[in-house]
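Visitor: Be aware that the sequence shown starts at 96, since it is given in our numbering, and climbs by one per residue.
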Amino acid sequence: MKPFNSQITLITGVGRSIGIGAAICREIAKNGGDIFFTYWNEYDKQMFPNTPTSDTQHITNELKQYGVRVESCEFDLSKPEAAATLFKQAEDTLGTPTILINNACRDIEIPFTELTPEILDKHYAVNQRAVTMLCSEFVKRQNAGNIINLISGQSLGSMGENQISYTTTKAAVDMLALQLAPELSKLNIRINSLDPGPVDTGWMTEDIKQDIIKASSSGKISLPKDTAQLIMSILLDKGKKTGQTIHAQR
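(1) Is the stretch 145-163 touching the stretch 222-235 in the sense that three or more CB pairs, one from each, lie closer than 8 Å?
(2) At which residues does the alpha helix (DSSP H) containing residue 93 begin and terminate?
(3) Would you be able to state if there are at least three C-beta pairs under 8 Å between the stretch 160-178 and the stretch 129-139?
(4) On the criterion of 16 or more Cβ atoms from any shown chain inside 10 Å, does residue 146 qualify as buried, or is it exposed?
(5) If you run the structure through DSSP and keep just helix, strand and coil, what is residue 161?
(6) Who does residue 342 pair with in a DSSP beta bridge?
(7) How is residue 129 classed by DSSP in three states: helix, strand or coil?
(8) Go ahead and label residue 207 buried or exposed: buried means 16 or more other beta carbons lie within 10 angstroms of its beta carbon, across all protein chains shown.
(9) Just to confirm my understanding: we take residue 183, look at its own chain, exclude 5 residues before and 5 after, and list those with CB closer than 8 Å. What are they?
(10) Taking the alpha-carbon positions, what's the residue 343 to residue 174 distance?
(11) With a threshold of 8 Å, are at least 3 pairs of Cβ atoms found where one atom belongs to the stretch 232-248 and the other to the stretch 279-296?
(12) What residue range does the beta strand (DSSP E) around residue 365 cover?
(13) Do the stretch 99-112 and the stretch 194-212 touch if we need at least three Cβ pairs shorter than 8 Å?
(14) Considering just the uninterrupted stretch of the alpha helix (DSSP H) at residue 136, what are its terminal residues?
(15) Would residue 122 and residue 327 be called neighbours here (beta carbons separated by less than 8 Å)?
(16) Which class does residue 236 belong to by DSSP, given the choice of helix, strand or coil?
(17) Any chance the stretch 259-271 sits against the stretch 313-328, with 3 or more Cβ pairs inside 8 Å?
(18) Check residue 104 in the structure and name its three-state DSSP category.
(19) What number of angstroms, rounded off, separates the C-alpha of residue 152 from the C-alpha of residue 100?
(20) What does DSSP give as the partner residues of residue 168 in its beta bridges?
(21) Under a Cβ-count criterion, where at least 16 other Cβ atoms within 10 Å of its own Cβ denotes burial, should residue 144 be classed as buried or exposed?
(22) I think residue 188 touches residue 280, with their Cβ atoms under 8 Å apart; what is that distance to the nearest whole Å?
(23) Note down the Cα distance separating residue 220 from residue 200, rounded to an integer number of angstroms.
(24) Give the straight-line distance between the Cα atoms of residue 97 and residue 210, rounded to the nearest whole angstrom.
(25) Output the distance between the C-alpha atoms of residue 150 and residue 333, rounded to the nearest integer angstrom.
(26) For residue 224, which of helix, strand or coil comes out of DSSP?
Here it is in structure tokens:
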């Protein structure tokens with residue numbers, strides 16, 4: 096029997112077949128898990144204009160080849176009611192998720208002196224509020240399960256100019272695992288944060304790649320499949336670690 100047979104994963108931010116979210120879905124599907132994923136075309140088109148409009152259907156078709164159930168929806172996580180609505184939709188189509196992976200984010204670069212309350216609020220709504228409320232909805236329904244929140248290593252240092260709205264709102268997510276782990280362990284729910292490090296999902300120029308390789312102890316560029324394998328190691332951890340922030344090797 097495959098490790099995720101009869102389990103349902105709810106994962107956000109799966110709009111591009113070359114992205115981290117899609118790679119995670121592939122690993123879970125290979126291991127027998129059913130998947131409900133979300134995407135947001137408006138953001139993907141803004142960040143990656145060449146993303147095909149058929150990408151999500153391609154992802155769905157690919158995952159179904161593993162013999163698992165797959166559902167998806169385009170979903171605006173910035174809405175206050177997003178978490179409750181999304182969980183209901185997942186339950187109505189597949190059942191109650193036993194794994195939650197918060198992968199979606201908002202990352203629009205803006206100089207600090209040009210930052211507005213509206214820009215900051217939009218980042219907060221997706222990067223922090225939606226993640227927190229999705230965790231809450233998950234806990235309401237579970238006596239056991241797994242939560243993994245994707246972060247970006249903000250605690251390790253500056254991420255460069257024009258990143259203030261992204262870094263400050265994502266940094267708050269790291270605290271969720273530390274704060275909630277003792278409480279959720281009583282329900283047999285594990286919660287961890289994963290910092291995958293710089294991952295080539297199509298945004299890296301050759302100059303950026305060379306800079307990362309020079310600074311990397313491994314001397315290579317991380318790919319989405321590397322992050323997906325880290326996710327699997329967390330989910331299948333026999334030691335049942337929780338409340339951890341796992342940083343990928345840089």
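Ideal Cβ positions, reconstructed from N, Cα and C, are used throughout, including at glycine. Just so we're clear, the structure is a prediction, and the values are computed from it rather than from any experiment.
Guide: Per the coordinate set shown:
(1) In the pairwise beta carbon analysis, the stretch 222-235 is classified as not touching the stretch 145-163: fewer than three pairs are separated by under 8 Å.
(2) No information on residue 93 is available, as it lies outside the stretch 96 to 345 that the chain covers here.
(3) Touching, yes, given that three or more Cβ pairs across the two stretches are closer than 8 Å.
(4) The residue labelled residue 146 in the question sits at position 51 within the sequence shown. The residue is buried, with at least 16 neighbouring Cβ atoms inside 10 Å.
(5) Numbered from its first residue, the sequence shown carries residue 161 at position 66. In the structure shown, residue 161 sits in coil (DSSP, three-state: anything other than H, G, I, E or B).
(6) Along the sequence shown, one-based indexing puts residue 342 at 247. Partner residues in the beta bridge of residue 342, as assigned by DSSP, are 290.
(7) Residue 129 sits at position 34 when you count from the first residue of the sequence shown. Secondary structure of residue 129 (DSSP, three-state): strand.
(8) Numbered from 1 along the sequence shown, position 112 holds the residue referred to as residue 207. Classification for residue 207: exposed.
(9) Looking up residue 183 in the sequence shown gives position 88. Same-chain partners within the cutoff: there are none.
(10) The count along the sequence shown starts at 1 and reaches residue 343 at position 248. The count along the sequence shown starts at 1 and reaches residue 174 at position 79. The alpha-carbon atoms of residue 343 and residue 174 are separated by roughly 31 Å.
(11) Counting C-beta pairs with one atom in each stretch, the stretch 232-248 and the stretch 279-296 have three or more that are closer than 8 Å, which means they touch.
(12) With the chain running from 96 to 345 in the structure shown, residue 365 is simply not present.
(13) Counting Cβ pairs under 8 Å, three or more are found: they touch.
(14) One-based indexing of the sequence shown puts residue 136 at position 41. Note, residue 136: alpha helix (DSSP H), 136-142.
(15) Translated into the one-based positions of the sequence shown, residue 122 becomes position 27. Translated into the one-based positions of the sequence shown, residue 327 becomes position 232. If you check the CB distance, residue 122 and residue 327 come in under 8 Å.
(16) On the sequence shown, residue 236 is found 141 positions in, with the first residue counted as 1. Assignment of residue 236 by DSSP, reduced to helix, strand and coil, places it in the helix class.
(17) Three or more beta-carbon pairs separated by less than 8 Å are not found between the stretch 259-271 and the stretch 313-328, which leaves the two stretches without contact.
(18) What you label residue 104 is simply residue 9 of the sequence shown in a count that begins at 1. Strand.
(19) To locate residue 152, count along the sequence shown from 1; it is residue 57. To locate residue 100, count along the sequence shown from 1; it is residue 5. If I take the Cα positions, the gap works out to 23 Å.
(20) Mapped onto the sequence shown, residue 168 falls at position 73. 133, per the DSSP bridge assignment.
(21) Residue numbering aside, residue 144 sits at position 49 when the sequence shown is read from its first letter. With fewer than 16 Cβ atoms within 10 Å of its Cβ, residue 144 is classed as exposed.
(22) The residue labelled residue 188 in the question sits at position 93 within the sequence shown. The residue labelled residue 280 in the question sits at position 185 within the sequence shown. Their Cβ separation, rounded to whole angstroms, is 30 Å, which puts residue 188 and residue 280 out of contact at 8 Å.
(23) The count along the sequence shown starts at 1 and reaches residue 220 at position 125. The count along the sequence shown starts at 1 and reaches residue 200 at position 105. It is roughly 10 Å from the alpha-carbon of residue 220 to the alpha-carbon of residue 200.
(24) Translated into positions along the sequence shown, residue 97 becomes position 2. Translated into positions along the sequence shown, residue 210 becomes position 115. Distance between the alpha carbons of residue 97 and residue 210 is about 48 Å.
(25) Here residue 150 refers to the residue found at position 55 of the sequence shown. Here residue 333 refers to the residue found at position 238 of the sequence shown. Straight-line Cα distance between these residues: approximately 35 Å.
(26) By one-based count along the sequence shown, residue 224 stands at place 129. In the displayed model, residue 224 falls within a helix according to three-state DSSP.
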